[in-house]
Structure formats: C-alpha cells, structure tokens
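Okay, so here's the structure we're looking at.
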Amino acid sequence: MTIADPEWLERASADVQSIYRYWLSKHQGGRLPRRADIDPLELRQLMPQITIVEVVPDERRYVYRLVGTKDVEVRGQDPTGKSVLDGFFGPSVEDVLHCYDTVVKTRAPHYDDEPYVTADHRNPNDASLFLPLSDDGENVNRILVFAAGAQLKK
40 MTIADPEWLE
50 RASADVQSIY
60 RYWLSKHQGG
70 RLPRRADIDP
80 LELRQLMPQI
90 TIVEVVPDER
100 RYVYRLVGTK
110 DVEVRGQDPT
120 GKSVLDGFFG
130 PSVEDVLHCY
140 DTVVKTRAPH
150 YDDEPYVTAD
160 HRNPNDASLF
170 LPLSDDGENV
180 NRILVFAAGA
190 QLKK
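If you use the numbering used here, the sequence shown corresponds to residues 40 to 193, in order.
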C-alpha cells in the first residue's frame with residue numbers, strides 16, 4: 040500500500056519532512072507504527088523537539104509522556120505526566136485538543152503551521168507535526184509531536 044504525500048509536505052521544513060518520512064518508513068502493511076518502532080537513536084538530532092503524548096480513556100484525554108528538551112525550554116516548564124488540558128502550549132486549549140482529536144479520529148498525520156504568539160514566545164514560522172502511533176496497528180494510543188521552529192523571545 041502506497042501512501043500519497045500530503046499537500047502540506049512540500050511547504051514544510053526539511054526537519055518536518057524528515058520526521059514524516061521516518062514515520063512513514065515505520066508504517067508497514069497498512070498498520071500504524073507502534074511506539075516501539077520509533078528508535079530514539081535514529082532520531083537523535085531531532086529528539087529535543089519531540090514530544091510523545093499518550094491517549095488515555097478518561098477525562099484527561101491526552102497525557103504528556105516524553106517532552107523534548109527544546110520543547111521544555113520554549114515552554115519554560117516540563118509538562119511530563121500532566122494532561123494536555125493542564126500543560127498545553129498553543130493559542131488555546133481548544134486549538135490544541137483539535138489537533139490531537141484530529142489525529143485520533145483520522146488515524147493520519149496532522150500538520151499545524153498556523154502562527155501564534157504568547158507572552159513569552161514568538162513563533163511566526165512555527166509548525167507542529169502530529170503523528171499517530173498504535174500498539175495494535177489500528178487504534179491511536181500515542182501521538183508523536185514534532186515542534187519545528189520554536190523560538191524564545193529575545
């Protein structure tokens with residue numbers, strides 16, 4: 040089964056394209072990649088910008104399980120172990136939840152390159168790529184997020 044490149048891929052940065060192609064290489068036989076298929080050593084250059092969020096069957100919905108050092112630096116705090124509701128970083132909780140909900144519902148990557156600015160963060164060229172992971176190959180139970188271009192205010 041061949042998966043067509045998404046329309047956003049050609050406008051994405053080289054790092055976003057790289058991590059998308061890596062994820063795609065782990066997408067075998069029509070089954071979504073498992074978390075165990077993702078090797079941090081193969082992604083060592085991009086790990087500081089990678090977050091892994093677990094999909095949970097309770098009111099928390101999404102929980103940060105791994106947050107890259109660059110993402111922690113930009114946030115000013117480490118949300119590991121917190122729900123996305125309590126530790127989100129984005130224009131609004133609704134916007135952030137929409138990104139995660141889209142990945143769970145569609146079982147497909149979601150690329151968010153809408154710029155936003157917070158009090159201590161500027162990111163006119165920021166983009167995030169949300170990639171579904173699944174232990175059973177069907178149901179999304181984790182989401183790998185790659186945050187590209189995040190910058191601290193000077």
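Just so you know, even glycine gets a beta-carbon here, dropped at the ideal spot from N, CA and C.
Keep in mind that this is a model prediction, so the values were computed, not measured.
According to DSSP, residues forming a beta bridge with residue i
| i | result |
| --- | --- |
| phenylalanine 185 | Ile89 and Leu168 |
| tyrosine 61 | Answer is none; tyrosine 61 lacks a bridge partner. |
| valine 94 | Tyr101 |
Range covered by the beta strand (DSSP E) that runs through residue i
| i | result |
| --- | --- |
| arginine 104 | 101-106 |
| histidine 149 | 149-151 |
Proximity of residue i and residue j at Cβ, strictly below 8 angstroms
| i | j | result |
| --- | --- | --- |
| valine 111 | leucine 124 | no |
| alanine 187 | alanine 166 | yes |
| valine 92 | valine 184 | yes |
| tyrosine 101 | tyrosine 150 | no |
| glutamine 88 | lysine 65 | no |
| arginine 181 | arginine 74 | yes |
Residue interval of the alpha helix (DSSP H) (run including residue i)
| i | result |
| --- | --- |
| histidine 137 | 132-145 |
| aspartate 125 | 123-126 |
Reference residue i, options the options, closest by Cα
| i | options | result |
| --- | --- | --- |
| isoleucine 58 | Phe169, Asp165 and Asp140 | Phe169 |
| serine 173 | Ala51, Leu82, Val95 and Val55 | Val95 |
| serine 52 | Asp152, Phe127, Ile77 and Arg83 | Asp152 |
| leucine 85 | Val102, Gln56, Glu49 and Phe128 | Gln56 |
| glutamate 177 | Asp117, Gly69, Glu49 and Ala43 | Gly69 |
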